[in-house]
Structures are given as C-alpha cells and as structure tokens.
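Novice: To convert, count from 1 in the sequence shown and add 941; that's this note's numbering.
Have a look at this one.
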Amino acid sequence: MRFVDVLSVLSKSSPYAVSTERQDSISKELDEVKKYLYIETDIQKDFERHLTSLSPGSKKIIFLCGSSGDGKSEILTQYSTDFSHKATFHLDATHSFEPDESAISTLDKVFANYENGDKALVVGINIGMMGNYVEEGSNENLRDAITNYLDSKESTSEYVFLNFEDYPKFNLTSTGHSSDFVKAILQRITKREDNIVRQYFDREKASHDGNKVLCTNYQLLSIPQVQDRIVDVLFKARLIKDQFLTTRTLLDFVHTLLSPECYLFDNMFNASDNEISFKIVDFDPADVRTENVDKFLLSTSLGLFDERFEEFTSYLSSELGIRQSKNSHSYLRLFYLLGEADLANNYHKDFLDDFNEPLLDKYAKVWNLHTHFVGDRDEKRELKAFYKEIIFTAMHNYINRNAKALAKGNFLISSHNGYQIMTEVDMEPDFTAVQHALPTSTSYFVAHISVEGKSVSMPININLLNMMNRIIGGYRPNKHDKNTIVILDDFADHIADIASSKDKLTIVKDGLTISLRNDDDEIEVSGV
C-alpha cells in the first residue's frame, strides 16, 4: 500500500472518518493505521469513569454531547459492546429507527424504554438536537433535564452531561497559548519511533518512484517548530474566525496539508473544501507588508543575487526535496512556518519579527488574568493597566470621536443642534466582579467595569481587542466593522445612561462652555 493511501485515513471523505458498529474490516492495513492514530482524550476518560461506576440496575442517563465530527461516535463504539450489560447505547440522536420516523420520535421511544427498563442509557447527541428536543420532544422529564443543563451547564445524579465544549482544545496561560490536542495528533502522525505511519513514509521515500512532494510535506510536518506554527494558525482561526475545532476537521486539515499537489506551506494557505483551510486564507503570511518583506519581494523579482538565500534554498533542495523556485510568496510562507527551527544558515529567521503576532499573546495573557484572578497586588496592577491603557482609552476615543478636544475622563453624552452635552465619568476595574465571575470559553473574556459605582460588563473577544488597539491608534470604525462595534455601542449606551443622571453636565457650542450643576434641587449655571 502506498503512502498516499495510508494518509487517506485522515480525510473526511474516508469511510474511517465516522466510526460505526460495523463488523467487516475495510482494510486490515488501514484498520491498523486508524487504531494507531487514535488518541485517548480527557472527555473519554471521564466517560469511561462514569460507565465503570455504573452498578447493575443503575437508572442514569449519560449524554455525550458536542458537534458533528468531534469524536462522539468514536468513543461510543469503543464502549457499546463491553458495557452493554450495564447500559443501552443510542449512538446518534440525529438518526431514526425507521424511514417514516423522525429523530425526535425515535428519542421519545428511547427515553420511554429507559424509564420502563432497568438499565442505564447512553446517548450521543448534538447540542442542536438537544435544543430541538426541548421544543418538540414529548418526555417532560427529559425536556426539563436538558433545559436545566442548557441553562446551568450542570449535571445531576440521574442526568449526566459530558460536553466536548467543556474540554477546550487550546490552553491559555500568562505566557501564551498551546494545544495539547493538536500537538498530540501531529506528534502521533510524525514521531520517529514505533510509528506505523512513518514506516510507510520510509518505504515511499526509498522507492524509485516515490512521491517526492508528499515525502517533503511529511518531513516538514515532522519539524516541531512547524507544528507550533500550525497551532498558532488554528488558534487564530478559533479566535478570529470562530472556527470550532473537531477531531474530524483537524485530521482532514492535516490531510490537506500533506496533499502531494503542492508543498505544505502552499497547501496551508490555499483554500480547499476543508472548512479550516477556507477560514485561514486571510492569514496568509505572504500578504504581510513590512520593509524587510518588501525588500525580499523586490530583490527576488529582479533576480538580484543573495548568497545567504542561495545557500539556504540549495539546502532545502538537497535535504528536504523542495525545488528551487522563483515564487517569492511561497518562500515567505515557508519562512513563516519554519519559525524558530534551526535549518541550514537560518535565513528564514531574518523574518521572525515581520511575522510576529503580539495580539495573540496579549489576548492569552489578559484572558488568563480574568479567568484565574484571585485579587493579589500584581494581578490588580496588571489588570488596572490593561483597563486604563486599552479599554478606557479606546472607549474615550470612540465615544468622543466627534469631540476630540475632551480631556481624559470626560465623555460626550449626546449632541443636539450643534450643542454637545458632556460630563466627567469615573471608571475603574471592578475587581470584585472579576474575581467572582463565572469562567468563560477561550473565545472571549468578560471585562467588569465600575462606572460611577455601578457595575457594567463587556464581553471582549480577540477581534474587539484588536479593534480597541486600532481605535487608540486613530482608526475610525465604519459600517464594515458593525459586528465588532455593536459591543462598543452597547457599552457606550451604558456610560451615557449613567452619566446623564449625574449632578454636573457641561454644554459646549462654538467655543462657548456652559456648566450645569444640580445642587439640592436647584440648577446652578456658570459660564454664560
């Protein structure tokens, strides 16, 4: 079997993409590859623990919840036989038993059989189907249980919900981000010892008619720093493009990267029918424009000789099989992917600063501060600096974009016939609210702000954080930014509502400043 056939196991179009309770083997060799690639996850360990704890006659429903492609079927099929004496398994709640039945009516039967039986029940179900059952299902007990879970995210003694969304694919710390999930899969595919996949690679590379591009791509994927860059890109897709990462989409993405049609660094940023690839086209490092990058593009287009670059590309050709090319954009993608890897004369490291993405690390740091805040002095100092330098400054610039002369702390409330009404507003981080806030997913954190003593919250994702940085730099949002700006507008409305009830307001028009002060039910006017 050729290497390309072995890698087909990764593809979403492969019959191995979804596990079923089939008895017949499709291919003994591919079965071995699929078995080797499987990695036990934390949710699987918790699922097994719940099954093991079941006693004969236990009345409990275990819901394995998530999205399509996240691995529910893979886990369920592994345990359905060994634990069939303890529980009934309904592997896919989107399916029906009969052609004329709906998935909802099938679930009604499954739940009725459970209530009339003496065994536990295990159900694989998508989050969307859970919502559908609440709306259309006939079993009131189950509707209430699902509703309670969707509202509180908590299980009970009889209804256990294990949700893939509660097991994040990315880890955020004060120093940056990582993904044990992605790294484990990439390392399993490429590790050098006891790796059935690498055995097929070795045969392919040694063959006189071996697929050279495919072998080059596998060698590139085996470089730890390239794997780190892949994690970076997937993290950006999750935060910026809201791309949910499932096992199936990740494996199919890896299959796309290894495609023998082009080199891995071009495969990564060429749109394909993989949903991750479609999202990360906008992250193409070849689109970066800096003085250093522009100089490289110009010199290569003019054919100017660069001894270090020639030495580097010669090494790539002899050691990795990457043909020398005049495509400077492809080289930029390669430089980006190689990152901190030590290779030949390290020419690619000349571009590390050009591809630096401080926003990712900044987001990870601030998310971590909010999520793990315990209230010590250093945390308060860092959070206060972030709120003051980013949130408050951005809000001041945004709200006062039509009244730029206002000093810090003053906010424009409204404008009427050329008159601008403004007031001073006191804003501080609400550390108590931050400390007692519920945890959030890695896709956003919640800023808690005390506005004139009243607590106001604002969800912040990486797109909003980026927009705030741009506003501080002088950018004025437009209609194309409406999905992000709606959060700023909502917070601005809160500030306006609180500020408009203050005792002191200032009215400005054509250089005239009038101050109004409510003093014991009397309005004092000055500046007229």
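Beta carbons: idealized from backbone N, C-alpha and C, even for Gly.
In this text, all values refer to a predicted model and were calculated from it rather than measured experimentally.
1) How big is the Cα-Cα spacing for T1334 and I1413?
2) Count the other C-beta atoms from every protein chain shown that fall within 10 angstroms of the C-beta of L948, then say buried if there are 16 or more, exposed otherwise.
3) Is DSSP giving C1006 helix, strand or coil here?
4) Here's the rule I'm using: 16 or more other beta-carbon atoms within 10 Å means buried, otherwise exposed. How should S1255 be labelled?
5) Compare the beta carbon distance of D1049 and N1080 with 7 Å and say whether it is the shorter of the two.
6) Whole angstroms are fine: how far does the CA of N1407 sit from the CA of S1014?
7) Check G1069 in the structure and name its three-state DSSP category.
8) Which residue from K1000, S1115, G1010 and P1226 puts its Cα closest to that of S952?
9) At a cut of 8 Å, does the segment 1178-1185 reach the segment 1197-1214 through at least three beta carbon pairs?
10) Take K1177 as the anchor and find which of D1150, S1119, L1161 and H1196 has the nearest alpha-carbon.
11) Mind checking M1409: buried by the 16 CB within 10 Å criterion, or exposed?
12) With respect to the beta strand (DSSP E) encompassing E1387, which residues constitute its N-terminal and C-terminal limits?
13) What's the call for D1173, buried or exposed, on a 16-neighbour Cβ count within 10 Å?
14) Drop a sphere of 10 angstroms on the beta-carbon of R963, count the other beta-carbons inside from all chains shown, and report buried for 16 or more, exposed for fewer.
15) Looking at R1133: is its Cβ nearer than 7 Å to the Cβ of F1210?
16) Could you check where the beta strand (DSSP E) with E886 kicks off and where it finishes?
17) Could you give the distance in angstroms between the alpha-carbon of E1077 and the alpha-carbon of G1065?
18) How many angstroms separate the CA atom of P1165 from the CA atom of D1302?
19) Compare the beta carbon distance of A1305 and G1117 with 7 Å and say whether it is the shorter of the two.
20) Measure the alpha-carbon distance for G1280 versus G1012 and round it to whole angstroms.
21) Which residues mark the beginning and the end of the beta strand (DSSP E) in which S1014 is found?
22) Let me check understanding here. Comparing Cα to Cα, which of V1392, K1124, F1246 and L1257 lies closest to G1350?
23) Rounding to the nearest angstrom, what Cα-Cα distance links Y957 and S1382 in this structure?
24) Would you be able to state if there are at least three C-beta pairs under 8 Å between the segment 971-978 and the segment 1027-1035?
25) Just checking my contact of L1175 with V1123 at CB under 8 Å: how many whole Å lie between their CB atoms?
26) I'd like to know whether the C-beta of R1417 is nearer than 7 Å to at least one C-beta of chain D.
27) Among S1093, F1024 and K1290, which has the Cα closest to the Cα of S994?
28) Taking the straight line between their C-alpha atoms, what separation do you get for I1003 and T1097?
29) Y1416 by DSSP, collapsed to three states: which one?
30) According to DSSP, A1028 sits in a beta bridge with which residue or residues?
31) Specify, as a first and last residue, the run of the beta strand (DSSP E) that I1401 falls within.
32) Just how far apart, CA to CA, sit Q1376 and S1398?
33) Our contact map puts N1152 next to F944 with C-beta atoms below 8 Å; I'd like the distance itself, whole angstroms only.
34) Once the 5 residues before and after G998 are set aside, which same chain residues still bring their CB inside 7 Å of it?
35) Taking only the alpha-carbon atoms, compute the straight-line gap between K1094 and L1347 and give it to the nearest angstrom.
36) From the DSSP output, read off the bridge partner residues of F1102.
Specialist: Result, derived from the coordinates:
1) Residue numbering aside, residue 1334 sits at position 393 when the sequence shown is read from its first letter. Residue numbering aside, residue 1413 sits at position 472 when the sequence shown is read from its first letter. Those two C-alpha atoms are separated by around 7 Å.
2) For this step, residue 948 is matched to residue 7 along the sequence shown. The residue is buried, with at least 16 neighbouring Cβ atoms inside 10 Å.
3) By 1-based counting over the sequence shown, the position of residue 1006 is 65. Residue state, collapsed to three classes: strand.
4) Indexing the sequence shown from 1 puts residue 1255 at position 314. That one is exposed.
5) Stepping through the sequence shown from its first residue, residue 1049 is reached at position 108. Stepping through the sequence shown from its first residue, residue 1080 is reached at position 139. Cβ distance < 7 Å, so D1049 and N1080 count as in contact.
6) Taking the sequence shown and counting its residues from 1, one reaches residue 1014 at position 73. Taking the sequence shown and counting its residues from 1, one reaches residue 1407 at position 466. If I take the Cα positions, the gap works out to 38 Å.
7) Position 128 of the sequence shown, counted from the start, is the residue given in the question as residue 1069. Helix, per DSSP.
8) Your numbering for residue 952 matches position 11 in the sequence shown. Of K1000, S1115, G1010 and P1226, the residue nearest in Cα terms is G1010.
9) Result no; under three Cβ-Cβ pairs closer than 8 Å.
10) The count along the sequence shown starts at 1 and reaches residue 1177 at position 236. Closest by C-alpha distance to K1177, out of D1150, S1119, L1161 and H1196, is S1119.
11) Position 468 of the sequence shown, counted from the first residue, corresponds to residue 1409. By the neighbour-count rule (16 or more Cβ atoms within 10 Å), M1409 is buried.
12) In the sequence shown, the residue the question calls residue 1387 occupies position 446. Position check: residue 1387 holds Val in this sequence, whereas Glu was assumed. That run of the beta strand (DSSP E) goes F1386 to V1392.
13) As a first step, residue 1173 is located in the sequence shown; it is residue number 232 there, counting from the start. Buried: at least 16 other Cβ atoms inside 10 Å.
14) Within the sequence shown, numbered from 1, the residue matching residue 963 stands at position 22. Because R963 carries a pLDDT of 46, less than 50, the predicted location of this residue cannot be relied on, and the following value inherits that uncertainty. Counting C-beta atoms within 10 angstroms of its own C-beta, R963 has fewer than 16 neighbours from the protein chains shown and is therefore classed as exposed.
15) As a working note, residue 1133 is residue 192 in the sequence shown. As a working note, residue 1210 is residue 269 in the sequence shown. Not in contact: R1133 and F1210 (Cβ atoms no closer than 7 Å).
16) In this structure the chain extends from 942 to 1469, so residue 886 is not present and cannot be described.
17) On the sequence shown, position 136 is the one that residue 1077 refers to. On the sequence shown, position 124 is the one that residue 1065 refers to. One C-alpha to the other measures close to 18 Å.
18) The residue labelled residue 1165 in the question sits at position 224 within the sequence shown. The residue labelled residue 1302 in the question sits at position 361 within the sequence shown. Near 19 Å, if we compare the C-alpha coordinates of D1302 and P1165.
19) Within the sequence shown, numbered from 1, the residue matching residue 1305 stands at position 364. Within the sequence shown, numbered from 1, the residue matching residue 1117 stands at position 176. Closer than 7 Å, so yes.
20) If you number the sequence shown from 1, residue 1280 lands on position 339. If you number the sequence shown from 1, residue 1012 lands on position 71. Whole-angstrom Cα-Cα distance: 31 Å.
21) On the sequence shown, position 73 is the one that residue 1014 refers to. S1014 -> not in any beta strand (DSSP E); alpha helix (DSSP H) instead, spanning K1013 to Y1020.
22) Looking up residue 1350 in the sequence shown gives position 409. In this structure, V1392 is the residue among V1392, K1124, F1246 and L1257 with its C-alpha nearest to the C-alpha of G1350.
23) For the purposes of this step, residue 957 is taken as the residue at position 16 of the sequence shown. For the purposes of this step, residue 1382 is taken as the residue at position 441 of the sequence shown. Distance between the alpha carbons of Y957 and S1382 is about 30 Å.
24) no
25) Position 234 of the sequence shown, counted from the first residue, corresponds to residue 1175. Position 182 of the sequence shown, counted from the first residue, corresponds to residue 1123. 6 Å between Cβ atoms; contact.
26) This model lacks chain D altogether; it includes just one protein chain.
27) What you label residue 994 is simply residue 53 of the sequence shown in a count that begins at 1. Looking at the Cα atoms, F1024 is the closest of the given residues.
28) Here residue 1003 corresponds to residue number 62 of the sequence shown, with the count starting at 1. Here residue 1097 corresponds to residue number 156 of the sequence shown, with the count starting at 1. Straight-line measurement puts the Cα of T1097 at about 10 Å from the Cα of I1003.
29) Here residue 1416 corresponds to residue number 475 of the sequence shown, with the count starting at 1. Reduced to three states, the DSSP call for Y1416 is coil.
30) Position 87 of the sequence shown, counted from the first residue, corresponds to residue 1028. The partner list for A1028 (beta bridge, DSSP) reads A1061.
31) Locating residue 1401 in the sequence shown gives position 460, where the first residue counts as 1. Run containing I1401: K1395 to I1401, per the beta strand (DSSP E) assignment.
32) Here residue 1376 refers to the residue found at position 435 of the sequence shown. Here residue 1398 refers to the residue found at position 457 of the sequence shown. Computed Cα separation, rounded: 13 Å.
33) By one-based count along the sequence shown, residue 1152 stands at place 211. By one-based count along the sequence shown, residue 944 stands at place 3. Yes, they are in contact, since the Cβ atoms of N1152 and F944 sit about 7 Å apart, within 8 Å.
34) By 1-based counting over the sequence shown, the position of residue 998 is 57. Here G998 has D1059 as same chain residues with Cβ atoms under 7 Å from its own Cβ, once five neighbours each way along the sequence are excluded.
35) If you number the sequence shown from 1, residue 1094 lands on position 153. If you number the sequence shown from 1, residue 1347 lands on position 406. Each residue's Cα considered, the two are about 45 Å apart.
36) For the purposes of this step, residue 1102 is identified with residue 161 of the sequence shown, where counting begins at 1. Answer by DSSP bridge pairing, in chain order: F1004.
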